[in-house]
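Number of protein chains: 2
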Amino acid sequence: MATQPTPAKARRIRRLPSDAEREILDAAEAALAERPFRDMSVDDLMRRTGMTRSTFYHYFRSLDEVAIALMRRVQGEMMDVATPWINAGHDEDPVASVPRAIRAVAEIYARHGRVLAAINDASVQHEAVERAWRDGILEDWIRAIAAQLRVQIERGVTRVENPEETARALLLMNTSVFVERLGKQDPPDPPESVAETLSQIWVGAIYPEALAAHRAS
Amino acid sequence: MATQPTPAKARRIRRLPSDAEREILDAAEAALAERPFRDMSVDDLMRRTGMTRSTFYHYFRSLDEVAIALMRRVQGEMMDVATPWINAGHDEDPVASVPRAIRAVAEIYARHGRVLAAINDASVQHEAVERAWRDGILEDWIRAIAAQLRVQIERGVTRVENPEETARALLLMNTSVFVERLGKQDPPDPPESVAETLSQIWVGAIYPEALAAHRAS
DNA sequence: CGAAGATATCGACGCTGTGTCGATAGCAGT
DNA sequence: ACTGCTATCGACACAGCGTCGATATCTTCG
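Put into structure tokens, the structure is as follows:
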């Protein structure tokens, strides 16, 4: 029964100093490359770093926060490659720039596929991640794309109805398809072919005449 | 320390006889109407039925199976309403039947939204559910729709390239949007407006000329 | 009608994973 | 050398899962 009041001989060894937070995030990426998010535990994660489980809680409140941190780590990169289309000037051919942006995003998924799939999973399993994704990132994208659509409507380049909802639907399509074909699947599809299919759907929805013309040729 | 070898006075009361399995599934539906799948526990679920937690395991191996059972319960209904388009005969206008099928499915999501969202969540959290959804139901749909697309290509009604991948992308779009707008959101969007947006995208991807003509008017 | 078997239900156990807490080792500044 | 500061640790309490053996009730059949 007697719990030793204080284990008098507890030999604690301090780890070499280093940026532990970053180390944990890296370990998380490594872990997610091997197994899906649902199979990752704090214990599992920390064993990779050589630190103990409790140390984890010094840096993160829970696995949610790790997922959110990873999310932000990739998010910037995504926006960057897509802005060429989002900010397309008057001189740019809007029909051609859609496939280019989609291809660029597909490339990123092809490289970070597992992590991005994991983030997606995490957003289902933890409310905090879900909010960060939906209300943070996703809504930003929708706004940006809807805005660009409205500009193009003004200019008579397209006649999409309901830019907001169209943008949302197309974006959700992209992430679902990317996660499925470039994140969870082994081996993943070639990103160009995935991008090609998605591009046709975007073009069909936004510039139907262009898609009709393209297919007629 | 001594665990009483057998609690001599354990008064066990048998529940009134009834179809327990169905009762559990109903309780699950009820629970999911209130909170997302991730917050449902066996304990929580069984307390609603008046039975104890261990009884659950007499009927199901885990919560996965409950999710799969619920999935099958709704799946039939979905296929039914969509077959009019999938089996569209020569006489039917293919362009008009797409929106009709989508509207019908949207109605189902509007009614069973919470449960369908829960199934979606479960498929992320449990491998078994994921397989049942992806390899079972989703692939069936893709095959059915791709087949119909191929028939229409033969007949020269459409020129879609890569029917399989197009079908997959459009389907994933629909489920994502339905889950988001009719399942998780409170209050949900009006199903007709969600269906309208999705329909335009489908038509744009499959019959771009029709969408162009529609918008020109 | 009463014994024998089947089965639905139960309480208790052991396990895994989470998050918290108080203790402390080693560093940084004085 | 003294005094914090903080990163790290081991131990704990708790929640949820899945299993097991016991048993109350129902069914069947002699």
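Protein chains in written order, with this note's numbering: chain E, 1 to 217; chain F, 218 to 434. The beta carbon of each residue, even a glycine, is placed where N, CA and C say it ideally should be. Computed from a predicted model, the values in this text were never measured in an experiment.
Backbone secondary structure at residue i - three-state DSSP
i                     : result
residue 254 (chain F) : helix
residue 174 (chain E) : helix
residue 158 (chain E) : coil
residue 407 (chain F) : coil
residue 143 (chain E) : helix
residue 352 (chain F) : helix
residue 217 (chain E) : coil
residue 369 (chain F) : helix
residue 185 (chain E) : coil
residue 26 (chain E)  : helix
residue 17 (chain E)  : Residue placement at residue 17 (chain E) cannot be trusted, given a pLDDT of 42 that sits under 50; what the coordinates show is reported in the next sentence. Looking at residue 17 (chain E) - three-state DSSP - the assignment turns out to be coil, as it is neither helix nor strand.
residue 419 (chain F) : helix
residue 424 (chain F) : coil
Closer than 7 Å: residue i CB and nearest the ligand MG heavy atom
i                     : result
residue 380 (chain F) : Although the ligand MG was asked about, the structure shown includes no ligands whatsoever.
Proximity test, Cβ basis, 8 Å: residue i and chain E
i                     : result
residue 278 (chain F) : no
residue 336 (chain F) : no
residue 314 (chain F) : no
residue 237 (chain F) : no
residue 249 (chain F) : no
residue 320 (chain F) : no
residue 389 (chain F) : yes
residue 379 (chain F) : yes
residue 328 (chain F) : no
residue 376 (chain F) : yes
residue 246 (chain F) : no
residue 382 (chain F) : yes
Interface flag, residue i vs chain F, CB-CB below 8 Å
i                     : result
residue 2 (chain E)   : In this prediction, residue 2 (chain E) scores a pLDDT of 33, lower than 50, which makes its location untrustworthy; no coordinate-derived value is stated.
residue 199 (chain E) : no
residue 40 (chain E)  : no
residue 116 (chain E) : no
residue 168 (chain E) : yes
residue 107 (chain E) : no
residue 180 (chain E) : yes
Within the stretch 90-132 of chain E, ranges of the alpha helix (DSSP H) (whole runs, at least 4 residues)
94-125 and 127-131
Can you confirm whether the stretch 180-193 of chain E touches the stretch 69-78 of chain E when touching is taken to mean that 3 or more C-beta pairs between the two stretches lie within less than 8 Å?
Touching, no, given that fewer than three Cβ pairs across the two stretches are closer than 8 Å.
Residue ranges of each alpha helix (DSSP H) run of no fewer than 4 residues wholly in the stretch 30-83 of chain E, ordered along the chain?
Segments of the alpha helix (DSSP H) lying fully in the stretch 30-83 of chain E: 42-49 and 53-59.
Near-chain F residues of the stretch 67-84 of chain E - C-beta to any C-beta below 9 Å
none
Would you check if the stretch 96-114 of chain E and the stretch 327-346 of chain F touch, i.e. whether three or more CB-CB distances between them fall below 8 Å?
no
Within 7 Å of chain F by C-beta, residues of the stretch 124-156 of chain E in sequence order
Listed by position along the chain: 124 and 125.
Give me the subset of the stretch 401-434 of chain F whose CB atoms are less than 7 Å from a CB atom of chain E, sorted by chain position.
414, 415, 417, 418, 421, 422, 425, 426, 428, 429 and 432
Chain-ordered residues of the stretch 260-273 of chain F with a beta carbon less than 8 Å from chain E
none
Report yes or no: do three or more beta-carbon pairs, one from the stretch 271-291 of chain F and one from the stretch 234-244 of chain F, lie closer than 8 Å?
yes
Within 8 Å, do at least three Cβ pairs link the stretch 382-402 of chain F to the stretch 156-173 of chain E?
Two segments are said to touch when three or more pairs of C-beta atoms, one from each, lie closer than 8 Å; by this definition the stretch 156-173 of chain E touches the stretch 382-402 of chain F.
Quick test of the definition: if touching needs 3 or more C-beta pairs under 8 Å, does the stretch 347-362 of chain F touch the stretch 260-270 of chain F?
no
Evaluate the contact criterion for the stretch 62-71 of chain E versus the stretch 143-151 of chain E: three or more CB pairs, one atom per stretch, below 8 Å.
Contact between the stretch 62-71 of chain E and the stretch 143-151 of chain E is absent: fewer than three C-beta pairs spanning the two stretches fall below 8 Å.
Any 3 or more C-beta pairs closer than 8 Å across the stretch 328-343 of chain F and the stretch 241-259 of chain F:
yes
At least 3 beta-carbon pairs within less than 8 Å: the stretch 156-164 of chain E vs the stretch 372-382 of chain F
no
Three or more beta-carbon pairs under 8 Å between the stretch 417-427 of chain F and the stretch 353-363 of chain F, yes or no?
no
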